[in-house]
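Numbering (UniProt numbering), first residue to last: 1 to 191.
Beneath this line is the structure, given in structure tokens, with notes to follow.
As structure tokens, then:
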């Protein structure tokens, strides 16, 4: 994402462990040497801010001690962030008369922190609940028995939201209403 700082850490194994680092940025527009932001022991960190489309490419990091220069650099590819991918493979479980749980697999985060939303709509399509979670797992409470709900689930990050996933879920009917639907009623009399 343009103007979004990226912190990249390069840590090497070295003996002796007194190491200096060299950072280099390479794109189709050329190569540029970068100064590390911090270096402590065998770890160096560079803060990198893409300011234009030309600033996406590969960062290379080499460690050097008195024995010599690292043969192969550590490579980090900096690509533009994007909206997250949709959740998938959702399942509904733990249904009761007033509750169910929806669990989904998370899609790709688009390179940024993401969070998840679900909108719960009743049979008349009115919005009943709008929930947010750090994971793609929702406990839906306070529902009516024997009701089919429409759920719209999507992921969100700083670049936007994913394509929504729509599914139906229902609560269990009350035991009394389940009995009345049957063809046989049993009556118990103490006499």
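Cβ atoms here follow ideal geometry from the backbone N, Cα and C, with glycine treated the same way.
| Check | Outcome |
| --- | --- |
| In this structure, how does DSSP classify residue 97 when only helix, strand and coil are distinguished? | coil |
| Got a sec? Which residues, its chain only, sit under 8 angstroms from residue 6 by beta carbon, not counting five neighbours each side? | 47, 48, 49, 50, 78 |
| From what residue to what residue does the beta strand (DSSP E) around residue 149 run? | 148-157 |
| One question on the structure: do residue 98 and residue 171 come within less than 8 angstroms of each other, judged by their Cβ atoms? | yes |
| Going straight from the alpha carbon of residue 4 to that of residue 52, what length do you get? | 11 angstroms |
| How many Å lie between residue 58 and residue 90 at the Cα? | 36 angstroms |
| Reducing DSSP to helix, strand and coil, say where residue 137 ends up. | strand |
| Let me check understanding here. Comparing Cα to Cα, which of 14, 141, 42, 16 lies closest to residue 94? | 141 |
| What three-state label does DSSP hand residue 7 in the structure shown? | strand |
| What residues match up with residue 65 in a beta bridge as DSSP calls it? | 68 |
| Distance check for residue 146 and residue 118, CA to CA, integer angstroms please. | 20 angstroms |
| Residue 153 and residue 87 - do their beta-carbons sit closer together than 8 angstroms? | yes |
| Please list, in chain order, all residues of the same chain as residue 55 whose beta carbon is under 6 angstroms from its beta carbon, the five residues on each side excluded. | none |
| So residue 112 is in the beta strand (DSSP E); what residue range does that whole segment cover? | First-last for residue 112: undefined, no H or E at that position. |
| From which residue to which residue does the beta strand (DSSP E) around residue 76 run? | 74-78 |
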